[in-house]
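**Student:** When we follow this note's numbering, the leftmost residue of the sequence shown carries the number 131, and every step to the right adds one. For every residue, glycine included, the Cβ atom is placed at its ideal position computed from N, Cα and C. Here the structure is a predicted model, which is why all the values come from computation and not from measurement. Questions regarding the structure given below will be posed in turn.
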Amino acid sequence: MDLKKDSNAVSIDMLLIVHSEKRRAAQGAHSDRPADPGAPPQRRGGLQGVGNGIRRWQKLEGNDLCGNLVEKQHAQQTQVITSYDNQGTQLTVEVHPRDAMPQLFKKFSLAKRLQVDKNGNTRPRQPGGKDTHAYPWDRSSLKSMPLDLRQFEKLDTYASQVTVKSGLEELVSDLLQEAHSDLEIVRAIWIWICHHIEYDIEAAQEKDCQAFKPTAILQTQKTNCDGYAGLFERMCSYNEFYFLTHPALFIEDHFPDNKNWQLLKPPQSLRQFENNMYHKSEFYNKGMLSAQPQTSIIKTVNGKATVTIESCAPTLFMFMLNGKQEHGLLSLRKNGMKLDVYPPTAGTHKLQIFAKGNSEIYSSVLEYTLKCHCADMDVRLPAELHQPVGPSWFSEQMGITKPSHPEPVIYTSDGRCSVSFGVEEGISVLASLHGDDGPVTEETQRRYIFQLHQEKRTELKVQLPHAGKFALKIFVKKRQEPGNYLFVFNYLICCTNSKVNWPVFPESFGNWGADKELLEPLSGVLPANRNVPFKLKLHGVAKALVKGQDTRPLTLSPEGYWEGSCSTAGCREVYVMVLENANHSFYSYILKYQVNAQ
131 MDLKKDSNAV SIDMLLIVHS EKRRAAQGAH SDRPADPGAP PQRRGGLQGV GNGIRRWQKL
191 EGNDLCGNLV EKQHAQQTQV ITSYDNQGTQ LTVEVHPRDA MPQLFKKFSL AKRLQVDKNG
251 NTRPRQPGGK DTHAYPWDRS SLKSMPLDLR QFEKLDTYAS QVTVKSGLEE LVSDLLQEAH
311 SDLEIVRAIW IWICHHIEYD IEAAQEKDCQ AFKPTAILQT QKTNCDGYAG LFERMCSYNE
371 FYFLTHPALF IEDHFPDNKN WQLLKPPQSL RQFENNMYHK SEFYNKGMLS AQPQTSIIKT
431 VNGKATVTIE SCAPTLFMFM LNGKQEHGLL SLRKNGMKLD VYPPTAGTHK LQIFAKGNSE
491 IYSSVLEYTL KCHCADMDVR LPAELHQPVG PSWFSEQMGI TKPSHPEPVI YTSDGRCSVS
551 FGVEEGISVL ASLHGDDGPV TEETQRRYIF QLHQEKRTEL KVQLPHAGKF ALKIFVKKRQ
611 EPGNYLFVFN YLICCTNSKV NWPVFPESFG NWGADKELLE PLSGVLPANR NVPFKLKLHG
671 VAKALVKGQD TRPLTLSPEG YWEGSCSTAG CREVYVMVLE NANHSFYSYI LKYQVNAQ
């Protein structure tokens with residue numbers, strides 16, 4: 131059987147209106163856009179409309195596939211073949227024997243889709259005003275028609291499991307057993323190809339036309355763009371986006387030779403098509419609506435580039451600059467995100483943005499090329515600054531509410547700051563401070579933060595060891611559940627005061643929790659040979675004492691504070707201990723101080 135590309139063929143069983151390959155080079159219109167991993171490879175085309183005449187494929191003795199009488203000597207040789215017309219803008223399915231002229235079958239009810247030209251040839255009806263969609267995209271739907279994909283769940287399961295037996299005719303007959311409308315017929319064929327045919331790169335490179343005939347495709351279960359046309363065109367990739375795609379989105383990476391088949395009002399010019407930002411299919415699959423800037427190349431301004439994305443629902447994002455999650459501040463918004471990027475060097479950089487959507491996997495949704503004329507060397511972000519930065523809907527979802535600092539960056543002139551937020555019941559909070567240099571080591575990351583609990587709020591007192599930029603990372607965990615703390619967000623803390631040199635806070639133990647407050651001493655390192663005053667608020671304890679070389683009791687004042695003092699002479703460590711129940715005889719450690727060497 132031959133793969134027929136006769137534009138005058140009139141024996142049409144099914145009409146699919148498709149987009150042709152986008153050309154540049156010698157023909158002046160070939161795309162050099164990066165390939166979408168979710169999109170079908172190489173050639174770009176797609177289904178935009180379907181003839182409404184096919185109801186069911188039947189194999190009848192002495193009849194064609196539609197039940198129309200034909201000569202019996204050809205009945206046993208009939209097969210279905212698809213073809214492009216000479217413009218490459220339509221797809222037909224034709225039945226004819228190998229070594230004879232094609233039989234001229236009667237067309238079934240395609241009157242609304244077909245018209246006869248001046249030469250008597252049947253052509254697809256040119257789209258009119260009722261067929262067009264407004265441009266730009268109105269955000270109403272990803273599809274070109276109202277569609278609930280849940281209605282296809284049973285059909286999709288069935289169609290994906292149909293296997294090839296004797297040939298194409300029987301395959302189609304089996305495949306359409308569960309299809310009861312034109313739309314379901316289209317869906318069943320599309321699903322089968324998505325699950326059973328892979329792209330044949332080797333044959334495409336060798337331009338082996340024999341490999342793209344329907345029978346060969348069924349045998350090898352491989353094809354390329356032209357071969358996909360032979361089974362249902364090449365818009366078949368495990369990618370739901372390419373099923374009945376809205377024309378205003380389809381124009382992102384498919385440009386037809388005939389502008390009428392853009393199905394857009396107004397239609398786009400080739401120059402507009404080339405200059406528009408290319409959004410991958412996952413951009414829309416993950417619920418994205420728009421992105422700024424709308425050009426793929428961004429020139430930095432004073433060493434900075436900003437990207438914003440609007441989404442239809444709260445979405446988690448991440449980014450990579452040159453393959454690393456560094457040199458940027460990504461903050462989540464209720465419906466989208468904002469990203470400020472600071473390339474570390476002048477030159478060209480690759481920026482990738484990923485979104486999570488409803489799935490558990492991040493997918494690439496945008497790619498930009500950054501052109502940086504001059505890097506801002508004063509903006510050096512900590513390597514441990516993870517994303518996102520600043521509180522958001524996500525931190526609220528994780529149990530952290532009403533933050534004292536809603537913005538992602540905190541500036542301090544004296545190297546100290548206090549951050550507080552509400553914490554839902556049953557949630558434990560953990561925080562750590564990270565800088566790129568200085569005395570902040572893994573052992574002391576939490577010692578520059580002192581955590582206080584008052585009613586349903588948590589306060590984090592932060593003291594910086596020196597000037598610079600630091601990441602204050604916030605983690606949460608449900609107390610009753612096993613496992614590790616989960617990272618939620620971080621703040622960027624900035625201080626330019628070179629005189630800043632705060633010591634660590636005292637080390638706290640497990641019993642230091644809610645309704646406990648330390649007023650003094652806040653420094654975790656005490657001077658030697660001094661009498662140091664202590665003042666704490668400790669609700670629900672029977673006794674409190676300070677233990678150094680000697681043990682000194684703390685007394686409860688009328689204001690509700692436990693107060694007293696302790697000498698640091700002759701000791702290297704000082705502990706604060708409490709007796710939580712008067713009937714108990716053992717004390718618990720809650721705080722530990724170090725004493726400077728003499």
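Would you call Ala601 buried or exposed, if buried means 16 or more other Cβ atoms sit within 10 Å of its Cβ?
**Tutor:** Counting Cβ neighbours within 10 Å, Ala601 comes out buried, since at least 16 surround it.
**Student:** If we ignore side chains and look at the alpha-carbon of each, how far apart do Ala658 and Val519 end up?
**Tutor:** Whole-angstrom Cα-Cα distance: 41 Å.
**Student:** Identify the continuous alpha helix (DSSP H) that holds Lys729 and give its terminal residues.
**Tutor:** The question about residue 729 has no answer here: the residues shown for the chain are numbered 131 through 728.
**Student:** So what's Lys454 in DSSP terms, helix, strand or just coil?
**Tutor:** Residue state, collapsed to three classes: strand.
**Student:** For Gln610 and Met528, what's the separation of their Cα atoms in angstroms?
**Tutor:** Each residue's Cα considered, the two are about 15 Å apart.
**Student:** With a cut-off of 8 Å on the beta carbons, I'd call Phe635 and Phe580 a contact; round off their distance for me.
**Tutor:** About 4 Å separates the two Cβ atoms, so the contact holds.
**Student:** Taking the alpha carbon of Gly258 as the point to measure from, which residue in Leu313, Pro396, Lys532 has its own alpha carbon closest?
**Tutor:** It is Pro396.
**Student:** In three-state DSSP terms, what is Gln281?
**Tutor:** Helix.
**Student:** Would you mind giving the Cβ-Cβ distance between Leu622 and Leu459, rounded to the nearest angstrom? I have them listed as a contact below 8 Å.
**Tutor:** Confirmed, Cβ separation roughly 7 Å.
**Student:** Tell me whether Gly628 is buried or exposed, calling it buried when 16 or more other Cβ atoms sit within 10 Å of its Cβ.
**Tutor:** Note that residue 628 is Ser in the sequence shown here, rather than Gly. Answer is exposed; the Cβ neighbour count stays below 16.
**Student:** Rounded to whole angstroms, what is the Cα-Cα separation between Tyr114 and Leu590?
**Tutor:** Any question about residue 114 goes unanswered here, given that the chain covers just 131 to 728.
**Student:** So within the segment 512-544, which uninterrupted beta strand (DSSP E) runs reach at least 3 residues, ignoring any that extend past its ends?
**Tutor:** Those beta strand (DSSP E) runs which fall completely within the segment 512-544 and span 3+ residues are 539-541.
**Student:** What's the call for Asp645, buried or exposed, on a 16-neighbour Cβ count within 10 Å?
**Tutor:** Exposed, because fewer than 16 other Cβ atoms sit within 10 Å of the Cβ of Asp645.
**Student:** What are the boundary residues of the alpha helix (DSSP H) that Phe403 is part of?
**Tutor:** From DSSP, the alpha helix (DSSP H) with Phe403 extends over 400-405.
**Student:** Would you grab the beta carbon distance between Leu648 and Leu666 for me? Rounded to a whole angstrom, and I think it's under 8 Å.
**Tutor:** Yes, Leu648 and Leu666 are in contact; Cβ-Cβ is about 5 Å, under 8 Å.
**Student:** Just the Cα atoms here: how many angstroms apart are Ser718 and Ser695?
**Tutor:** Roughly 19 Å separates the two Cα atoms.
**Student:** Using the three-state DSSP reduction, which class does His326 fall into: helix, strand or coil?
**Tutor:** DSSP places His326 in helix when its eight states are reduced to three.
**Student:** In this structure, what does DSSP give as the bridge partners for Met275?
**Tutor:** DSSP lists no partner for Met275.
**Student:** Note down, in chain order, each residue of its chain lying with its Cβ closer than 8 Å to the Cβ of Arg163, except the 5 sequence neighbours on either side.
**Tutor:** The predicted model places Arg163 with a pLDDT of 43, which falls under 50 and marks its position as unreliable; any figure quoted below should be read in that light. Excluding positions up to five away in sequence, the list reads Asp383, Tyr408.
**Student:** Distance, Cα to Cα, Tyr414 vs Ser525?
**Tutor:** Each residue's Cα considered, the two are about 25 Å apart.
**Student:** Let me confirm a value: Val431 is counted as buried when at least 16 other C-beta atoms fall within 10 Å, else exposed. Which label applies?
**Tutor:** It is exposed - the Cβ of Val431 has fewer than 16 other Cβ atoms within 10 Å.
**Student:** To the nearest angstrom, report how far apart His564 and Ser653 are at their CA atoms.
**Tutor:** Answer to the nearest angstrom: the Cα atoms are 19 Å apart.
**Student:** Identify whether Ala476 lies in helix, strand or coil by the three-state DSSP scheme.
**Tutor:** If DSSP states are grouped into helix, strand and coil, Ala476 belongs with coil.
**Student:** Report yes or no: do the segment 419-435 and the segment 284-294 share at least 3 C-beta pairs separated by less than 8 Å?
**Tutor:** Counting Cβ pairs under 8 Å, fewer than three are found: no touch.
**Student:** Considering only their Cβ atoms, is the gap separating Phe664 from Val630 smaller than 8 Å?
**Tutor:** No. Outside cutoff.
**Student:** Measure the Cβ-Cβ separation of Glu710 and Val671 and say whether it is below 8 Å.
**Tutor:** Yes, the Cβ-Cβ distance between Glu710 and Val671 is below 8 Å.
**Student:** Relative to the alpha-carbon of His535, which residue among Val316, Lys434, Thr588 has its alpha-carbon at the smallest distance?
**Tutor:** Selected option, being the one with the closest Cα: Thr588.
**Student:** With burial defined as no fewer than 16 other Cβ atoms inside 10 Å of the residue's Cβ, what is the status of Pro170: buried or exposed?
**Tutor:** Interpretation of Pro170 is limited by its pLDDT of 40, a score under 50 that renders its predicted location unreliable; the figure taken from the coordinates is listed afterwards. Result: buried.
**Student:** How is Val630 classed by DSSP in three states: helix, strand or coil?
**Tutor:** Residue state, collapsed to three classes: coil.
**Student:** When you compare the CB positions of Val592 and Arg546, do they come within less than 8 Å of one another, or not?
**Tutor:** Yes, the pair counts as a contact, with Cβ atoms nearer than the cut-off.
**Student:** Whole angstroms is fine: what's the gap from Pro683's alpha carbon to Leu515's?
**Tutor:** Spanning the two alpha carbons is a distance of roughly 43 Å.
**Student:** For Leu379, which of Asn369, His310, Gln392 has the nearest alpha-carbon?
**Tutor:** Nearest option by C-alpha distance: Gln392.
**Student:** Using only the alpha-carbon positions, how far apart do Ala699 and Glu490 sit?
**Tutor:** Going by the C-alpha atoms only, they are around 58 Å apart.
**Student:** Excluding sequence positions up to five away, which residues of its chain have a Cβ less than 7 Å from the Cβ of Gly690?
**Tutor:** Here the set comprises Lys667.
**Student:** Using 10 angstroms around the beta-carbon of His310, count the other beta-carbons present and answer buried if the total reaches 16, otherwise exposed.
**Tutor:** Exposed, since its Cβ has fewer than 16 Cβ neighbours within 10 Å.
**Student:** Leaving out the 5 sequence neighbours to the left and right, which residues in its chain are closer than 8 Å to Glu650 when beta-carbon positions are compared?
**Tutor:** For Glu650, where only same-chain residues beyond five positions count, the Cβ hits under 8 Å are Pro663, Phe664, Lys665.
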